[in-house]
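Notes follow once the structure below has been shown.
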Amino acid sequence: MASFLGVQLKKTYEVDLVKPMRTFIENMISSADVNEYNSSLNEFNKLRNSMMAKSVDKHESALEVLYRYYDQLVAIENKLPISENQIRILFKWKDAFDKESFFSGRRTLGVVSGMYEKVCMLFNIAALQSQIAASQNHDTDEGLKLSVKLFQQSAGIFGHLKDIVLSHTQQEPTPDLNPETLAAISALMLAQAQEAFYRKATSENMNDGMVAKLALQSSDLYADAMKLLQLPSIRELWPRDWIPATVMKQAAFHALAEYHQSIVAQKKKSYGEEIARLQHADELMKASSTRGSGTFCFRTEHNKVVRALELAVKDNDFIYHEKIPDSKSLPPIGKAPVAKPTPLPATMSSKFVDLFQKLFPLPVHDGIVAFDNRKNQIINQETGRLKEATLLLNSVLASLNLPAAIEDLSGDSIPTSLLEKAQQLKRDGGVESLNKMMQDLPELLGRNREILNESTRMLEEEAKSDSQLREQFKGKWTRTASGQLTETMKIEASKYEQILNTAIQADKIVQEKYNKHKEAILLLSKQEKEIKSSLPSANPTAALQDSNVVQELRKLMEQVETIKAEREVIEREIKDATFDISSKFLNAMAQDGLINEEAISMPELNRIFGPLREQVSDSINRQKALLNKIQTSNTEFSNAKASNQSGAQREAMLKDLAAGFDMYIELMDNLQEGTTFYNDLTRLLLKLQNKISDFCFARKTEKEELLGDLSKEIVNQPSQQPPQTPKYQQRKPRSGRLGDPSPPPGTAPVVPGGSAGLPVTASAPIPQTSTNSAQQPPPPPYYGGEQPAPSAASWSAPYPMYSMMPMPSGYNPYNPFMAFPQPSYPGGYPVQPPQYSYPGQQPPPQYPPQHPPPQQSNYPGYTQPQARWP
69 MASFLGVQLK KTYEVDLVKP MRTFIENMIS SADVNEYNSS LNEFNKLRNS
119 MMAKSVDKHE SALEVLYRYY DQLVAIENKL PISENQIRIL FKWKDAFDKE
169 SFFSGRRTLG VVSGMYEKVC MLFNIAALQS QIAASQNHDT DEGLKLSVKL
219 FQQSAGIFGH LKDIVLSHTQ QEPTPDLNPE TLAAISALML AQAQEAFYRK
269 ATSENMNDGM VAKLALQSSD LYADAMKLLQ LPSIRELWPR DWIPATVMKQ
319 AAFHALAEYH QSIVAQKKKS YGEEIARLQH ADELMKASST RGSGTFCFRT
369 EHNKVVRALE LAVKDNDFIY HEKIPDSKSL PPIGKAPVAK PTPLPATMSS
419 KFVDLFQKLF PLPVHDGIVA FDNRKNQIIN QETGRLKEAT LLLNSVLASL
469 NLPAAIEDLS GDSIPTSLLE KAQQLKRDGG VESLNKMMQD LPELLGRNRE
519 ILNESTRMLE EEAKSDSQLR EQFKGKWTRT ASGQLTETMK IEASKYEQIL
569 NTAIQADKIV QEKYNKHKEA ILLLSKQEKE IKSSLPSANP TAALQDSNVV
619 QELRKLMEQV ETIKAEREVI EREIKDATFD ISSKFLNAMA QDGLINEEAI
669 SMPELNRIFG PLREQVSDSI NRQKALLNKI QTSNTEFSNA KASNQSGAQR
719 EAMLKDLAAG FDMYIELMDN LQEGTTFYND LTRLLLKLQN KISDFCFARK
769 TEKEELLGDL SKEIVNQPSQ QPPQTPKYQQ RKPRSGRLGD PSPPPGTAPV
819 VPGGSAGLPV TASAPIPQTS TNSAQQPPPP PYYGGEQPAP SAASWSAPYP
869 MYSMMPMPSG YNPYNPFMAF PQPSYPGGYP VQPPQYSYPG QQPPPQYPPQ
919 HPPPQQSNYP GYTQPQARWP
């Protein structure tokens, strides 16, 4: 019985998976430590190399390697997306049916897409399954069972590819990935799976009625495969033996169905039906033998049919004498469609372990990032409310010179609160630290500006280069335009440009605040003696030391300190709030496949921040009531001091110092925040620059490869025929022997072989000789084409003696590389193998092409040998 057919595997090229994926993890997944994934990245790269090496092994262990790599591709699809806009890895795969002839060239497609890699891997898995199934020992039950399983799996994968290939490649695929090609292969694999079921049934001696139905279903499936294989758009794609084997099996299995059904008829004593079916089976077997083109493998089965037919006819003629019905009037046999395509499983390998299990899928990661943004927005909003209220409280107290006014009742000493502020200012670095941070800001700004400008320049240069090449090559420049790929990066760069402009305005405001309070900050940075000597003196006000209004103001100042301490605790709780949001996102993705980030985030944020928001609002409301009391008590205190006019200048200076300290604290916070902002922005800009640099490098590599392919295409294009020689350049024969032309005296003869087939005339004159010279002229050179060669007598210049080398016996001047006789087919050209088509199909083209006989040579005195074609 005929052997099974296996599909060739696609071939690919090595790629580096480690570097681009490591860069993506480092730049895009801020929560991940890239060093933790070095071993996983290297293992993934080794897995692909192992897949390439194991693809040549026809064993199930090789399939396991392919399964593991494919499962890993599926696992990282949502974690490490390989595409032109994210991880740029160019996967190049050859056409599985490419014969790599000199004229057709290699059919290779390279796409920056993980989905394209998955498609090609599925093709190779299904192809290797078919090869392993075809190579089994089909005389054993284990071999048949494995073949049935693998052929059904292969049919399912090819059928799945037919539905997804165009959406996954996003461009014209190679011929082996054409949907029509995949549909034909899937039908062929399913037919072979049904054939394996038939073989298993016959080996187990199943009843002939069921075997007949299995055989007829096999015939129908091979008929479907035959129709698809013979589609005009793909019929030249297949190996030479595929179509003959398919059409042979289609007829043979129909014959086997009739044969087994004849046995059923014999058991029912329907001898006429038995003979009719055996006659039909014999006809089908003969047709199958003709279609097989010399590869008919059902001779044993055909002999069984012939012997059974002879015996049945003999018995009927001598014993039963039943009328033999027409085969068309026989009852239908029925079919048993037991072979079905196996659906694609979620995971193919039973030993699969996700190398990047710790990485969240990108939707989950994006949800976490969005949640963090919401959380940070709430934190900034609530802490901002607290700071704003505290700044208002400090400014009001500074304008009232509190608590310094109730501490400096003697008029000569420095208030205790002012001394504490001066000491805190010195501990924090004083004016020197403030000046250093002020000087560092422009440098940090300039560094970020340079990085952003360089990133923008690289994008503009790449877009300009792509635009020029697209204008130069027009439709041949098929890669994706830069504008479609860089839109996201341009938007990101524009966003950073706006952020820098906003930061510049903020830096100006900080500088203005510093200049306004610079003198007070400088004075507070000095020693206590210098501060005391700088303060104006005032008359004693000791009488107010124990007054009720001073006692009330002191109590109110204690409440102010309490509110400030409470706010520090609230602010710390807000900043330290923790959440376990990743598990909720993972559960939502597992259940629905999508993540509604806002619906999940807002309840969780309200649960944690709700009580803290209430505490912030309560603190602000208590501050309002406290300020009203402070202003009322301070008014009474001011009226009590109204009689002492000499302390006004001192009080004003104390107010300035208090305001200077508050501004110092605010400026230090602003400058620290600005320094952190610029450093964080530098890190983000460097990530953007690295991403743009990797993109430009990948586009440059892609450009060089595409230019190389275009150059080869241009070089391999057939050149045009040279122009016809003008009439004035064609030599006219003179009167003489054989009409041969002679060069004019004193000039060199015209020698063939010039550019574009035109004759070339030597410019140097040669000496004339007598026409009666005894020297023999050389034999004439070979002239191709229609023009006659000049005879020896027409040359007047003396040439050295020359004798021609004898030609080999089988020399063919139309094929100078064939120096020796070649074997020829008996009777001339090889017999054209028969081609069969299903009803309704057009006849296939003949092969090999018929070559016209060569023209006779014009070489003088040389007999043209019989041409022999391989």
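Residue numbers (the working numbering): 69 to 938.
Glycine included, C-beta positions come from ideal geometry on N, C-alpha and C.
Assuming contact is defined by CB atoms lying nearer than 8 Å, are Q262 and A407 in contact in what I supplied?
In the sequence shown, counting from the first residue as 1, residue 262 sits at position 194. In the sequence shown, counting from the first residue as 1, residue 407 sits at position 339. Judged by beta-carbon spacing, A407 lies within the 8 Å limit of Q262, meaning their Cβ atoms are closer than that value.
Cβ distance (whole Å) where A251 is taken to contact L296 below 8 Å
The residue given as residue 251 occupies position 183 in the sequence shown. The residue given as residue 296 occupies position 228 in the sequence shown. With 8 Å as the limit, A251 and L296 qualify as a contact, their Cβ atoms being about 6 Å apart.
Residues bridged to T237 by DSSP?
Residue 237 sits at position 169 when you count from the first residue of the sequence shown. None; T237 has no bridge partner.
Helix, strand or coil at T249 [DSSP, three-state]
Within the sequence shown, numbered from 1, the residue matching residue 249 stands at position 181. Helix.
Return the first residue and the last residue of the alpha helix (DSSP H) that V133 is part of.
If you number the sequence shown from 1, residue 133 lands on position 65. Counting along the chain, the alpha helix (DSSP H) containing V133 begins and ends at E128 to A143.
Between the Cα of S485 and those of K494, R495 and I474, spot the shortest distance and give me the residue it belongs to.
Looking up residue 485 in the sequence shown gives position 417. Measuring C-alpha to C-alpha distances from S485 to each of K494, R495 and I474 identifies I474 as the nearest.
Spatial distance of L680 from L177 (CA atoms)
Here residue 680 corresponds to residue number 612 of the sequence shown, with the count starting at 1. Here residue 177 corresponds to residue number 109 of the sequence shown, with the count starting at 1. So the alpha carbons of these two residues sit roughly 59 Å apart.
Let me know the alpha helix (DSSP H) ranges lying completely inside the region 477–552, each 4 residues or longer, listed in chain order.
Runs found: 484–495 and 498–541.
Could you name the residues that DSSP lists as bridge partners for L177?
The count along the sequence shown starts at 1 and reaches residue 177 at position 109. In DSSP, L177 forms a bridge with W161.
With H, G and I counted as helix, E and B as strand and the rest as coil, what does DSSP make of T410?
Walking along the sequence shown from the start, residue 410 turns up at place 342. In this structure, T410 counts as coil in the three-state DSSP scheme.
Hey, out of V374, V75 and L756, whose CA is closest to D166's CA?
To locate residue 166, count along the sequence shown from 1; it is residue 98. Out of V374, V75 and L756, V75 has the C-alpha closest to the C-alpha of D166.
Where does I311 sit, in a helix, a strand or coil, going by DSSP?
Residue numbering aside, residue 311 sits at position 243 when the sequence shown is read from its first letter. I311: helix per DSSP, three-state reduction.
Report the three-state DSSP secondary structure of T451 (helix, strand or coil).
As a working mapping, residue 451 is identified with position 383 in the sequence shown. Residue state, collapsed to three classes: helix.
Alpha-carbon to alpha-carbon, E326 and R345
Residue numbering aside, residue 345 sits at position 277 when the sequence shown is read from its first letter. Residue numbering aside, residue 326 sits at position 258 when the sequence shown is read from its first letter. Distance between the alpha carbons of R345 and E326 is about 5 Å.
Give me, in chain order, the residues of the same chain whose beta-carbon lies closer than 7 Å to that of L774; leave out the 5 immediate sequence neighbours on both sides.
Reading the sequence shown from its first residue, position 706 is the one you call residue 774. The residues R547, in chain order, have a CB closer than 7 Å to that of L774 in the same chain once the five nearest residues on each side in sequence are set aside.
Taking the beta carbon of I649 as the centre, do at least 16 other beta carbons fall within 10 Å, making it buried, or is it exposed?
As a working note, residue 649 is residue 581 in the sequence shown. I649 should be labelled buried.
How close, in whole Å, do the beta carbons of A531 and R538 come, if the pair is a contact with beta carbons under 8 Å?
Counting from one through the sequence shown, the residue named residue 531 turns up at place 463. Counting from one through the sequence shown, the residue named residue 538 turns up at place 470. Incorrect: roughly 10 Å between the Cβ atoms, too far for contact.
Spell out a yes or no on whether the region 624–633 and the region 396–404 are touching, meaning 3 or more CB-CB pairs, one atom from each, closer than 8 Å.
Contact fails: fewer than three Cβ-Cβ distances are below 8 Å.
Just to confirm the assignment, what range does the alpha helix (DSSP H) spanning Y582 have?
Against the sequence shown, residue 582 aligns to sequence position 514. First-last of the alpha helix (DSSP H) with Y582: E555 to K584.
Within 10 Å of its beta-carbon, does E772 have 16 or more other beta-carbons around it, so buried, or fewer, so exposed?
For this step, residue 772 is matched to residue 704 along the sequence shown. Classification of E772: exposed, given that the 10 Å Cβ count is below 16.
Alpha carbon of K396 to alpha carbon of G661, nearest angstrom:
Position 328 of the sequence shown, counted from the first residue, corresponds to residue 396. Position 593 of the sequence shown, counted from the first residue, corresponds to residue 661. Approximately 56 Å between the Cα atoms of the pair.
Burial state of M670, where buried means 16 or more other Cβ atoms lie within 10 Å:
The sequence position of residue 670 within the sequence shown is 602, counting from 1. Exposed is the call here.
For T80, three-class secondary structure by DSSP:
Translated into the one-based positions of the sequence shown, residue 80 becomes position 12. In this structure, T80 counts as strand in the three-state DSSP scheme.
Please classify N696 as buried or exposed, where buried requires at least 16 neighbouring CB atoms within 10 angstroms.
Here the question's residue 696 lines up with position 628 in the sequence shown. Result: exposed.
L284 and H322 closer than 8 Å at C-beta
By 1-based counting over the sequence shown, the position of residue 284 is 216. By 1-based counting over the sequence shown, the position of residue 322 is 254. One thing to note: L284 has its Cβ within 8 Å of the Cβ of H322.
CB F159 to CB T249, shorter than 8 Å?
Looking up residue 159 in the sequence shown gives position 91. Looking up residue 249 in the sequence shown gives position 181. Result no, Cβ atoms of F159 and T249 do not sit closer than 8 Å.
Go through its chain and collect everything with a Cβ distance to L722's Cβ below 6 Å, but skip five positions before and after it.
Residue mapping note: residue 722 aligns to position 654 of the sequence shown, counting from 1. The answer, listed in chain order, is N469 and A472.
Distance, Cα to Cα, L778 vs K576?
Taking the first residue of the sequence shown as 1, we reach residue 778 at position 710. Taking the first residue of the sequence shown as 1, we reach residue 576 at position 508. Each residue's Cα considered, the two are about 55 Å apart.
Simplified DSSP state of I638, which is helix, strand or coil
Within the sequence shown, the letter at position 570 stands for residue 638. Look at I638 here: in three-state DSSP terms it is helix.
Beta-carbon within less than 6 Å of Q683's beta-carbon, same chain only, minus the 5 sequence neighbours each way: which residues are those?
In the sequence shown, residue 683 corresponds to position 615, counting from 1. Residues I638 of the same chain have their beta carbon placed closer than 6 Å to that of Q683, with the five preceding and five following residues left out of the count.
Take S701 as the anchor and find which of M526, L621, G182 and L752 has the nearest alpha-carbon.
Taking the first residue of the sequence shown as position 1, residue 701 is located at position 633. Nearest C-alpha to S701: L621.
Which class does I155 belong to by DSSP, given the choice of helix, strand or coil?
Stepping through the sequence shown from its first residue, residue 155 is reached at position 87. In the three-state reduction of the DSSP assignment, I155 falls in the strand class, which pools E and B.
Specify, as a first and last residue, the run of the alpha helix (DSSP H) that S650 falls within.
On the sequence shown, residue 650 is found 582 positions in, with the first residue counted as 1. Where S650 is concerned, the enclosing alpha helix (DSSP H) stretches over S650 to D660.
To the nearest angstrom, how far is it from the Cα of H127 to the Cα of I200?
Your numbering for residue 127 matches position 59 in the sequence shown. Your numbering for residue 200 matches position 132 in the sequence shown. The alpha-carbon atoms of H127 and I200 are separated by roughly 6 Å.
Can you tell me the Cα-Cα spacing of R767 and M526, whole angstroms?
Here residue 767 is taken as the residue at index 699 of the sequence shown, counted from 1. Here residue 526 is taken as the residue at index 458 of the sequence shown, counted from 1. Each residue's alpha carbon lies about 12 Å from the other.
Rounded to the nearest angstrom, what separates Q757 and E152 at their Cα positions?
Here residue 757 corresponds to residue number 689 of the sequence shown, with the count starting at 1. Here residue 152 corresponds to residue number 84 of the sequence shown, with the count starting at 1. The straight-line gap separating the alpha-carbon atoms of Q757 and E152 is approximately 16 Å.
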